[in-house]
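Novice: This structure is in structure tokens; I'll ask about it shortly.
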Amino acid sequence: MPSVGVSIVLKDCVQTEKHHKKSKTSITHRLIPLLKLKDISDFLRNFTQTCCDHTGGSFTFYCKSHDKLCCPGCVTIHQKECHEIITLGEASVDAKKNGKIEDLGVRMKEALTTLSELENHKKENIGMINAQRNGIRTTLSEMRRKVNDYLDSLEMRIEEKLLQAHKECIEKLETQTKDLEKRTETLKTWQSDITMVKDYGSDIHSFVMSKSLENLMTELETFNKKSTENFIGLNLSFVTSTTFENLQNTVHALGEISVNKSSTELIITPRKSARIKSKLVVK
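When you line the sequence shown up against this note's numbering, it's residues 854 to 1136, in that order.
Written out as structure tokens, the structure reads:
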């Protein structure tokens, strides 16, 4: 197992600690109690000092020119032309004190702040998208209300015209019906009168009445003939507006939904303050 600079020790195992202090490869190792083992991350557990380019080769050198850890194989094959290769021991002198660890910590802190800011923006974006969705739904509802109101007004106007036309038709037909009823009653009266004269009147009465009624019957028969030959009935009809019939062909959608991108530029202030300012730049 490759050495990672961390050793696990059982509680009260003094022999293990003595062994680490005597071994050259682990003299600088610090022992970690089992209780701390759960705090070791997978990254640290899987950390290795073995070269991935040369199987079995451990990092023992450092190339200053390329800022790269090297195993003996790297030095032999790839780094022949490099003259700034030093041992890993020389390169790691005062590694904890030279400020690189602290600088890396500051960079990590700034990266965490940036990630936090990005996460906050994404969450704010989710809230904004939800609000925009609700706003669009409200707009659609308002559009439907306006359309319904407009259709209601059109229906009211056509309803008024329908009532007026219906009233005129009914009044006209009722007047004509009353006229026919009156003619019918008159004709029935004539029938009764003829029967009365025929049964009880003299020939003179019969002759005079028949002459009188002949002219009246001629007028009635002329009326009936014209009425039957040119019977005029009234009908109510409704012709749909051409623009309304073509409404589905002309109006295919109430609108379009689009996704517009915007970029949030995060401006990082100097490291000492480790603060982040952000501004929204819509492109």
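Here a beta-carbon is modelled for each residue, glycine too, at the ideal position from N, C-alpha and C. This structure is a prediction, so every number in the text was calculated from the model and none was measured.
1) Let me know if PHE1097 comes out buried or exposed under the rule of 16 or more other beta-carbons within 10 Å of its beta-carbon.
2) Keeping to the same chain, check which residues put their C-beta closer than 8 Å to that of LYS1064; ignore five residues upstream and five downstream.
3) Does LEU805 come out as helix, strand or coil in the three-state DSSP assignment?
4) Is it the case that the Cβ atoms of CYS935 and CYS916 are separated by a distance below 8 Å?
5) Around the Cβ of PHE914, are there at least 16 other Cβ atoms within 10 angstroms (buried) or fewer (exposed)?
6) What would DSSP say about ILE1110, mapped onto helix, strand or coil?
7) According to DSSP, is LYS950 part of a helix, a strand, or is it coil?
8) Tell me whether THR1011 is buried or exposed, calling it buried when 16 or more other Cβ atoms sit within 10 Å of its Cβ.
9) Count the other CB atoms within 10 Å of the CB of ILE930; is the residue buried (16 or more) or exposed (fewer)?
10) Would you mind stating whether ALA984 and LEU1089 have Cβ atoms separated by less than 8 Å?
11) Would you list the residues sitting across from LYS1031 in a DSSP beta bridge?
12) State the beta-bridge partners of LYS921 as determined by DSSP.
13) Within a Cβ cutoff of 6 Å, which residues of the same chain sit near GLU1027, ignoring the five residues on either side of it in sequence?
14) In this structure, how does DSSP classify THR940 when only helix, strand and coil are distinguished?
15) Below 8 Å CB to CB, which residues in the same chain sit around LEU941 once its five sequence neighbours on both sides are set aside?
16) Under 8 Å, do MET996 and LEU1107 count as touching if we go by C-beta distance?
17) If ASP1052 and MET1062 are in contact, beta carbons under 8 Å, what's the gap, nearest whole angstrom?
18) Can you tell me the Cα-Cα spacing of HIS1105 and LEU1007, whole angstroms?
19) Decide if ILE1085 is buried, meaning its Cβ has at least 16 other Cβ atoms within 10 Å, or exposed.
20) Go ahead and pull the three-state DSSP assignment for SER945.
21) Need the endpoints of the alpha helix (DSSP H) that ASP906 sits in, please.
Specialist: So, from the listed chains and residues:
1) Reading the sequence shown from its first residue, position 244 is the one you call residue 1097. When all chains shown are included, PHE1097 counts as exposed.
2) Looking up residue 1064 in the sequence shown gives position 211. Once the five neighbours on either side are set aside, LYS1064 has no close Cβ partner at all.
3) This structure cannot speak to residue 805, because the chain is shown only from 854 to 1136.
4) As a working mapping, residue 935 is identified with position 82 in the sequence shown. As a working mapping, residue 916 is identified with position 63 in the sequence shown. Yes, the Cβ-Cβ distance between CYS935 and CYS916 is below 8 Å.
5) Position 61 of the sequence shown holds residue 914. It counts as buried.
6) As a working note, residue 1110 is residue 257 in the sequence shown. Looking at ILE1110 - three-state DSSP - the assignment turns out to be coil, as it is neither helix nor strand.
7) Sequence index remark: in the sequence shown, residue 950 carries index 97 (1-based). Correct three-state label for LYS950: coil.
8) Start at 1 with the first residue of the sequence shown, and residue 1011 comes out as number 158. Correcting the residue identity first, residue 1011 is Ile in this sequence and not Thr. ILE1011 comes out exposed.
9) Sequence index remark: in the sequence shown, residue 930 carries index 77 (1-based). That one is exposed.
10) Your numbering for residue 984 matches position 131 in the sequence shown. Your numbering for residue 1089 matches position 236 in the sequence shown. Going by C-beta atoms, ALA984 is not nearer than 8 Å to LEU1089.
11) Position 178 of the sequence shown, counting from 1, holds the residue named residue 1031. Answer is none; LYS1031 lacks a bridge partner.
12) Translated into the one-based positions of the sequence shown, residue 921 becomes position 68. DSSP output for LYS921 lists CYS916 as bridge partner(s).
13) Within the sequence shown, numbered from 1, the residue matching residue 1027 stands at position 174. Nothing listed; no residue qualifies.
14) As a first step, residue 940 must be located in the sequence shown, where it is residue number 87. Strand.
15) Locating residue 941 in the sequence shown gives position 88, where the first residue counts as 1. Within the same chain, LEU941 has close Cβ partners PHE912, THR913, PHE914, TYR915, LEU922.
16) Walking along the sequence shown from the start, residue 996 turns up at place 143. Walking along the sequence shown from the start, residue 1107 turns up at place 254. Judged by beta-carbon spacing, LEU1107 lies within the 8 Å limit of MET996, meaning their Cβ atoms are closer than that value.
17) Here residue 1052 refers to the residue found at position 199 of the sequence shown. Here residue 1062 refers to the residue found at position 209 of the sequence shown. Rounded, the Cβ-Cβ distance is 13 Å, inconsistent with contact.
18) Indexing the sequence shown from 1 puts residue 1105 at position 252. Indexing the sequence shown from 1 puts residue 1007 at position 154. In this structure, the straight-line span from the alpha carbon of HIS1105 to that of LEU1007 is close to 21 Å.
19) As a position in the sequence shown, residue 1085 is number 232, starting the count at 1. It is exposed - the Cβ of ILE1085 has fewer than 16 other Cβ atoms within 10 Å.
20) To locate residue 945, count along the sequence shown from 1; it is residue 92. DSSP places SER945 in coil when its eight states are reduced to three.
21) Reading the sequence shown from its first residue, position 53 is the one you call residue 906. Neither: ASP906 is in no alpha helix (DSSP H) and is coded neither H nor E.
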